[in-house]
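Step one of this worksheet: look at the structure below.
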Amino acid sequence: MTAHAQDGFGTRLIHVGSEPDPVTGAVIPPMSLSTTFKQDAPGVYKGFDYSRSDNPNRRALETLLASIESGGARALTFASGSAATASLLQSLGPGAHVLSIDDVYGGTNRYMRRVAAEVQGLAVDFVDLANASDSEITSAIRPDTKLIWVESPTNPTLRLVDLPRLVSLAQSTEAKPLILVDNTFLSPFYASPLKMGADIVLHSMTKYINGHSDVVMGALVFPSTSRTDAIYERAKFIQNAFGAVPSAHDAWLLQRGAKTLHLRMAAHGTSALALAAALEASPHVERVAYPGLASSPYHERARAVIAASEGGSKLLRSQAFTKGVPFGGVVSFWLRGGERQTRRFLSHLRLFALAESLGGVESLAEAPAVMTHASVPPEQRARLGISDGMIRLSVGVEDVEDLQRDVLSALEFAVAEDAEESSGESSLVGSESASEVGDVETAVTSVESLTISEEKKSA
Ligand SMILES: *Cc1c(COP(=O)(O)O)cnc(C)c1O
């Protein structure tokens, strides 16, 4: 890895963990599917013994991740982002307290409240870490608080946490909890939380790092500090003990996807900024949430995040932007009207597929109130601003002119008063009942609705 210490972000994405094969000269390392490895004598290995514990493709990918997540020294890769979450929380041991941002990813919320609470006595409090005062934050940190769980931007309202401030507040308490940042939405291109004082970074690589919507995988990245050594060792031990590991095949595919992360993220962000600005200018749109927009209340925080990042800061130096700065590929907005307009908007899109998830090269659109966040009780949705007129876009890397035309034309269709009902509208109704099956993306506080949906899932 030191061989690439002077290389830039894009160069490291292409080369770290991807050296030509010393035996055959193959420029791309082969996929190593063997489950077991021949030993020279009992207990004498060439570096690998059994593929659950480690394998060449996984190790190569972990080397890459430790290199591209600035401030990272080592990484662990998992069968999914959720497996990374579970392993890390288990590593805290019995009876720990976690302080979590309130609209954390729904699967994370579900694991904390419905699994970790039961099997390891985890206590968790959810706080609006983006807007809480200093004293609200410090008083929420208990003597037994082991970890603060941050997602920034939050989903789907894209609020940003002031991470350096949170780090110094946490350090001012006696508990001095570790700080984990789920960096899935921005990827190592736009945000380097370890450089801003976080102790652990988590990724659902299912999203941007793989970027092609064809692999489910997760990762944890750690710096090398006395604060994090023990939890890294524990997470690695637990992962191997219960087998939350990715396959060699997926690790190989993921490394291929990651090679273009810098190109994709620049395109995602540039197009998302253009779309956010066009939406903001539309008379049919009430409000746009995109921290990169100069008009966003979180814009100063977004600039600080980008300034500390390798990829984003380089993009800003190389290109001038007028409406703000590129800041990832997710844009949320509220169109004028309600559920009917939302359904009409989604039914008219040609290029944006109506689907949950995000981070792939293809554009996706969804209505959080009836899809990813349908199980959140109406009062909580109202508090978070997740109304029926809200739409979340995952802006892909198609030609931006085509994406813009698609969105603006769907907006016109959505608000046209005399238009006939579209046949496409019924498709949304079908997805309502399936809303919990896939990507549950926010605080799920209604146990009743979750139980019902899980019954549906197993049915
Ligand atoms: C998708 C996602 C996860 C969960 O990852 P999986 O790979 O689906 O298990 C966690 N956090 C965020 C922010 C996500 O978007």
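First residue of the sequence shown: 6, per this note's numbering; consecutive thereafter.
C-beta atoms are modelled at their ideal positions from N, C-alpha and C, and glycine is treated no differently.
Quantities reported herein were computed from a predicted structural model and do not represent experimental measurements.
query	result
Run the CB neighbour count on residue 329, radius 10 Å, all protein chains shown included, and call it buried at 16 or more, exposed below.	buried
Which parts of the segment 107-144 are runs of the alpha helix (DSSP H), unbroken and 4 residues or longer, counting only runs that do not cross its ends?	111-116 and 122-125
So, does the segment 178-198 touch the segment 156-165, judging by three or more C-beta pairs under 8 Å?	yes
Taking only the alpha-carbon atoms, compute the straight-line gap between residue 465 and residue 387 and give it to the nearest angstrom.	The chain is shown only over 6 to 464; residue 465 falls outside these bounds and no answer can be derived.
Cβ of residue 223 versus every heavy atom of ligand 1: is any distance shorter than 6 Å?	yes
Taking DSSP as the reference, what is the three-state secondary structure of residue 254?	helix
Considering only their Cβ atoms, is the gap separating residue 229 from residue 313 smaller than 7 Å?	no
Where does residue 254 land, buried or exposed, given buried means 16+ other C-beta within 10 angstroms?	exposed
Applying the 10 Å Cβ sphere with the 16-neighbour rule, what's the burial state of residue 83?	buried
Give a yes or no on contact between the segment 290-310 and the segment 359-377, applying the rule of three or more CB pairs nearer than 8 Å.	no
Candidates 236, 393 and 39: which alpha carbon is nearest residue 90's?	236
Is residue 337 helix, strand or coil by DSSP?	strand
Return the Cβ separation of residue 104 and residue 145 in integer angstroms, given the expectation that the two are a contact with Cβ distance under 8 Å.	5 Å
Closest to residue 71 by C-alpha separation, out of 394, 270 and 208, would be which residue?	208
Between residue 467 and residue 69, what straight-line distance do the alpha-carbon atoms span, to the nearest angstrom?	No statement about residue 467 is possible, as the shown extent of the chain runs from 6 to 464 and does not include it.
Cβ of residue 219 within 6 Å of any heavy atom in ligand 1?	no
Report the rounded CA-to-CA distance for residue 116 versus residue 126, giving the unit in angstroms.	12 Å
Which term fits residue 26, buried or exposed, when burial requires 16 or more other beta carbons within 10 angstroms of its beta carbon?	exposed
What do you reckon, is the C-beta of residue 237 under 6 Å from a heavy atom of ligand 2?	Judged by which ligands are present, ligand 2 is missing from the structure shown, whose ligands are ligand 1.
On the three-state DSSP scale, how would you describe residue 197?	coil
Less than 7 Å separating the beta-carbons of residue 315 and residue 23?	no
Evaluate residue 371 with the Cβ neighbour count: other Cβ atoms within 10 Å of its Cβ, from every protein chain shown; 16 or more gives buried, anything less gives exposed.	buried
May I have the straight-line CA-CA distance separating residue 6 from residue 17, to the nearest angstrom?	Since pLDDT at residue 6 reaches only 44, below the 50 mark, its modelled position is unreliable, and no value is offered.
What is the DSSP secondary structure of residue 41, counted as helix, strand or coil?	strand
Report the three-state DSSP secondary structure of residue 287 (helix, strand or coil).	coil
Alpha carbon to alpha carbon, how far is residue 282 from residue 204? Give it in angstroms, no decimals.	35 Å
Less than 6 Å between the CB of residue 337 and some heavy atom of ligand 1, yes or no?	no
Return yes when the Cβ of residue 88 is within less than 7 Å of the Cβ of residue 249, no when it is not.	yes
Got a sec: does ligand 1 put a non-hydrogen atom nearer than 6 Å to the Cβ of residue 187?	yes
Alpha carbon to alpha carbon, what distance is there between residue 109 and residue 132?	10 Å
Would DSSP call residue 30 helix, strand or coil?	coil
Do residue 355 and residue 419 have their C-beta atoms closer together than 7 Å?	no
When we look at the beta-carbon of residue 357 and count the other beta-carbons within 10 Å, is it buried (16 or more) or exposed?	buried
For residue 360, which residues in the same chain have their Cβ closer than 7 Å to its Cβ, ignoring the five residues on either side in sequence?	369 and 371
Tell me whether residue 329 sits in a helix, a strand or coil according to DSSP, three-state version.	strand
At a cut-off of 6 Å, would you count residue 211 as near ligand 1, judging by its Cβ distance to the nearest heavy atom?	yes
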